[in-house]
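Position one of the sequence shown corresponds to residue 4 (this note's numbering), numbered consecutively onward.
Glycine included, C-beta positions come from ideal geometry on N, C-alpha and C.
Predicted model only: the values in this text are computed from it and were never measured.
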Amino acid sequence: MKAIVMTAVGDSGVLALQEIAEPQISHATDIKVRLYAAGVNPVDTKIRRNGLLYPNALLPAVLGFDGAGEVVAVGPNADQFKVGDKVWFCHGGLGREQGNYAEYTVLDQRWACRMPADLSYVEAAAAPLVLITAFGALFARGGLQAGQTVLVQAGAGGVGHVAVQLAKLAGARVITTVSSAEKAEFVKSLGADEAIIYSQTDVADAVSQLTSQQGADLVFDTIGGDTFKASIPLTAYYGRLVTLLEPKAVDLGEARVRNLLLGFELMLTPMLRDLPAARDRYVAILKQCAKFIDAGKLSIHVSHVLPLAQASTAHDLLEAGHTTGKVVLSI
Numbered sequence: 004m005k006a007i008v009m010t011a012v013g014d015s016g017v018l019a020l021q022e023i024a025e026p027q028i029s030h031a032t033d034i035k036v037r038l039y040a041a042g043v044n045p046v047d048t049k050i051r052r053n054g055l056l057y058p059n060a061l062l063p064a065v066l067g068f069d070g071a072g073e074v075v076a077v078g079p080n081a082d083q084f085k086v087g088d089k090v091w092f093c094h095g096g097l098g099r100e101q102g103n104y105a106e107y108t109v110l111d112q113r114w115a116c117r118m119p120a121d122l123s124y125v126e127a128a129a130a131p132l133v134l135i136t137a138f139g140a141l142f143a144r145g146g147l148q149a150g151q152t153v154l155v156q157a158g159a160g161g162v163g164h165v166a167v168q169l170a171k172l173a174g175a176r177v178i179t180t181v182s183s184a185e186k187a188e189f190v191k192s193l194g195a196d197e198a199i200i201y202s203q204t205d206v207a208d209a210v211s212q213l214t215s216q217q218g219a220d221l222v223f224d225t226i227g228g229d230t231f232k233a234s235i236p237l238t239a240y241y242g243r244l245v246t247l248l249e250p251k252a253v254d255l256g257e258a259r260v261r262n263l264l265l266g267f268e269l270m271l272t273p274m275l276r277d278l279p280a281a282r283d284r285y286v287a288i289l290k291q292c293a294k295f296i297d298a299g300k301l302s303i304h305v306s307h308v309l310p311l312a313q314a315s316t317a318h319d320l321l322e323a324g325h326t327t328g329k330v331v332l333s334i
């Protein structure tokens, strides 16, 4: 089968279209899926630049956590799906199991879900990692409640644009930061109450005015670095600040004075540390989000669709920054 193979650690040029062996069912509860689309996420580019995440994992490897496709075979004890079912999932891509930049994959039925009826394969492949990440950050880590105010940093991005929608579905007031007027209109179309264009407005002043000098009950930082540092004084006293990235050399004195709860959201942990119960919760999140999608309450925005052979271009787009929504490979 055709697959994009990471041949070495480096820039996007290390991704090569190759013919590799087609995966086969090896466990009784496995399903084999013909992939029609694979989501591309920033973590894919980090793995390509820095190396595979599993200890002792060897190159070459197939990247890609998010996939969507059609079940073409099932193991003898696989009773949750039948041939022809459309599924979406977040599985593989860390260097141990095969990722989804490929024509076929095999995974245990436990980690797959039926696709929302109203999504295309491209939209479905764009969604799992960002939905699981946003849901975990807002609710499991952030404890977001109806009536509270949340600030989503970079609300037009892959994680940000679904976080805006999930927060609104929970009854929260949503403030978000964006880089342009076009993106401000985009996030408002998703339900954001306020959009701060950070290139034109001082974010701290804007948040202070919008929250009557109180700050946001929850700040969700999807960017890290200086944005995490700047998010501390934007968070209300006794509030919560959740980030996707590891803070480096940050003075937490103000966070301590504010009595903030600091949280980290890394949705890869159940795969990295083999935590089946945690992965079960992730599957439950996808099932809940599928209900929202089928009810017309949640949408997935895909800004770029590229053929599988252009995976390196997809990585370049993400690394250039400022993409709206998601980038997907069509297979």
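#### Entry: Same chain, Cβ closer than 8 Å to Val77, neighbours up to 5 away in sequence not counted
Setting aside the 5 residues that flank it on each side, Val77 is surrounded in the same chain by Ile28, Asp33, Ile34, Lys35, Phe84, Lys85, Val86, Gln112, each with a C-beta closer than 8 Å to its C-beta; the list follows chain order.
### Message
Here's the rule: buried if 16 or more other CB atoms are within 10 angstroms of the residue's CB, otherwise exposed. What is Pro58?
### Response
So Pro58 ends up on the exposed side.
### Query
The beta strand (DSSP E) with Lys85 in it runs from where to where?
From DSSP, Lys85 is part of no beta strand (DSSP E); its letter is neither H nor E.
### Thr117 - containing beta strand (DSSP E), residue span
The sequence shown places Arg at residue 117, rather than the Thr named in the question. Where Arg117 is concerned, the enclosing beta strand (DSSP E) stretches over 115 to 117.
#### Entry: Residue nearest to Ile296 in terms of C-alpha spacing, selected from Glu126, Leu332, Leu265
The residue with the shortest Cα to Cα distance from Ile296 is Glu126.
### Message
Please classify Gln216 as buried or exposed, where buried requires at least 16 neighbouring CB atoms within 10 angstroms.
### Response
Flag for Gln216 reads exposed.
#### Entry: Counted within 10 angstroms of its Cβ, other Cβ atoms place Lys329 as buried (16 or more) or exposed
Label assigned to Lys329: buried.
### Message
So, with DSSP's three-state summary, where would you put Phe92?
### Response
The three-state reading of DSSP puts Phe92 in strand, counting E and B together.
### Host alpha helix (DSSP H) of Lys232 (start-end)
Where Lys232 is concerned, the enclosing alpha helix (DSSP H) starts and stops at 229 to 234.
### Query
If we call anything under 8 Å between Cβ atoms a contact, is Asn103 one with Leu193?
In this structure, Asn103 sits away from Leu193, with a CB-CB distance that is not shorter than 8 Å.
### Message
Mapping the DSSP letters down to three states, classify Ile226 as helix, strand or coil.
### Response
Here Ile226 carries a coil assignment [DSSP, helix/strand/coil].
### Query
Going by alpha carbons, who is nearest to Phe142 out of Phe223, Asp14, Val331?
Closest option to Phe142, Cα to Cα, is Phe223.
### Task
Report whether the distance from the Cβ of Phe267 to the nearest heavy atom of the ligand ATP is below 7 Å.
With respect to small molecules bound, the structure shown includes none, and the ligand ATP cannot be examined in it.
### Query
Does the pairing of the stretch 226 to 238 with the stretch 114 to 122 give three or more beta-carbon distances under 8 Å?
No contact exists between the stretch 226 to 238 and the stretch 114 to 122.
### Query
From Pro131 to Ile334, what does the alpha carbon distance come to, in whole angstroms?
Each residue's alpha carbon lies about 17 Å from the other.
#### Entry: Residue span of the beta strand (DSSP E) that contains Pro411, given as start and end
Here the chain comprises residues numbered 4 to 334, so residue 411 is not present and cannot be evaluated.
### Query
Tell me which same chain residues have a C-beta within less than 8 Å of the C-beta of Ala24, skipping the five on either side of it?
Counting only Cβ-Cβ distances below 8 Å, and skipping sequence neighbours, we find Met4.
### Task
Please classify Glu185: is it buried, with 16 or more other beta-carbons within 10 angstroms of its beta-carbon, or exposed?
Looking at its Cβ environment, which holds fewer than 16 other Cβ atoms inside 10 Å, Glu185 is exposed.
### Message
With H, G and I counted as helix, E and B as strand and the rest as coil, what does DSSP make of Tyr240?
### Response
Here Tyr240 sits in strand by DSSP.
### Message
Can you check which of these residues, Ala31, Arg276, Leu265, Val190, is closest to Gly161 by C-alpha distance?
### Response
If we check each option's Cα against that of Gly161, Val190 comes out closest.
### Query
How about Asp69 and Gly98: do their beta carbons lie closer than 8 Å?
Taking 8 Å as the Cβ cut-off, Asp69 and Gly98 do not qualify as a contacting pair.
### Query
Using the C-alpha atoms, what's the distance from Glu100 back to Leu278?
The alpha-carbon atoms of Leu278 and Glu100 are separated by roughly 15 Å.
#### Entry: Short Cβ contact (8 Å threshold) for Gly72 with Tyr124
Going by C-beta atoms, Gly72 is nearer than 8 Å to Tyr124.
### Query
Hey, out of Pro26, Arg243, Tyr201, Gln148, whose CA is closest to Val65's CA?
Each of Pro26, Arg243, Tyr201, Gln148 was checked against the Cα of Val65, and the nearest Cα belongs to Pro26.
### Message
Tell me the rounded alpha-carbon separation between Leu309 and Pro45.
### Response
In this model, Leu309 and Pro45 are separated by some 16 Å (Cα to Cα).
### Query
Rounded to a whole number of angstroms, what is the C-alpha to C-alpha distance between Arg284 and Arg52?
Cα to Cα, Arg284 sits roughly 30 Å from Arg52.
### Message
Does Ser192 come out as helix, strand or coil in the three-state DSSP assignment?
### Response
Residue state, collapsed to three classes: helix.
### Message
As a quick exercise: from Ala159, Ala11, Asn80, Glu257, pick the residue whose alpha carbon is nearest that of Ser302.
### Response
Nearest Cα to Ser302 within the set Ala159, Ala11, Asn80, Glu257: Ala159.
### Query
CB-CB under 7 Å to Leu147, same chain, minus the five flanking residues each way: which ones, in chain order?
Excluding positions up to five away in sequence, the list reads Leu141, Val153, Ala170, Ala173, Ala175, Leu221.
### From His307, Ser306, Gln291, residue whose alpha carbon lies closest to that of Lys300
The shortest C-alpha separation from Lys300 is found at Gln291.
### Query
For the alpha helix (DSSP H) that contains Ala178, what are its first and last residues?
Looking at the sequence provided, one finds Ile at residue 178 rather than Ala. For Ile178, no alpha helix (DSSP H) encloses it; the enclosing beta strand (DSSP E) starts and ends at 176 to 181.
### Task
Run the CB neighbour count on Arg343, radius 10 Å, all protein chains shown included, and call it buried at 16 or more, exposed below.
Since the first residue shown for the chain is 4 and the last is 334, residue 343 is missing from the structure and cannot be characterised.
### Message
Taking the straight line between their C-alpha atoms, what separation do you get for Cys93 and His325?
### Response
Spanning the alpha carbons of Cys93 and His325 requires a straight line of approximately 24 Å.
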